[in-house]
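All residue numbers for the sequence shown refer to our numbering, where the first residue is 104 and numbers rise by one.
By construction, the Cβ of each residue, glycine as well, lies at the ideal position given by its N, Cα and C atoms.
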Amino acid sequence: ELSIQEDPDVILLDIMMPEMDGFEVCKKLKADQRLSDIPVVFVTALKGDQESRIKALECGGEAFLAKPVDESELTAQVRAMVKIKTANTDKRNENERLKRLVEERTKELVQSQAQFKGIFENLQDAYFQADLSGIFTLASPSALKLFGFNSLDEIIGQPANSLYGNPQERDSLMVELRSKGRIEDFV
């Protein structure tokens, strides 16, 4: 509760405590998304206890200090943990910013797609799209009606030259497209 209220840069946590040991407290801190980025430094009187050190790191602690704590080592650890907290906060803020940006862009894309669909479905002119190998990939409803098709399934996947009165016209179109990279004023 205090960590949520204060949002500290680092938590110094003793292993031996009443009611709940430091390992349990650390697990609870790291399980809470609001607190998980706060670095935890374990402090204990068990100087040579390697098992406790490993357990402290496994439950989410970032560092371990043995009592009596050397002041310069404590200062160095706290400085390092503050850098970690700052980096974690920056990362979280950037992730939130990117998430908002993705949501905005997704909303814009959905709106744009709806607008395109409305325009496309109400075109009076016939519109076709074919890939470079000459296979239809898209056709407007007006194109289906104009050429006597009942559904997209009848035209999608079919060769585009089937709609040309003279199939060599499509070959000429493709030569120009490949040489110039685009088509302008091609009848």
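- In the three-state DSSP reduction, D234 falls in the coil class, being neither helix nor strand.
- Note on the stretch 200–260: whole alpha helix (DSSP H) runs with a minimum of 4 residues are 244–250, in chain order.
- Pairing M123 with T209, the inter-Cα distance amounts to about 46 Å.
- Secondary structure note for F167: its beta strand (DSSP E) is the uninterrupted segment 166–169.
- About 21 Å separates the beta carbons of Q227 and T240, which is beyond the 8 Å limit, so they are not a contact pair.
- DSSP, read as helix, strand or coil, puts D117 in strand.
- For F145, the three-state secondary structure derived from DSSP is strand.
- According to DSSP, P270 shares a beta bridge with no other residue.
- The shortest CA-to-CA distance from I107 to any of K133, I187, A246 is the one to K133.
- Here L204 is not near G164, since their CB atoms are 9 Å or more apart.
- Taking a cut-off of 8 Å on C-beta distances, the stretch 152–168 does not touch the stretch 196–203, as fewer than three cross pairs fall below it.
- Taking 9 Å as the cut-off, the beta carbon of A229 is found closer than this to the beta carbon of F250.
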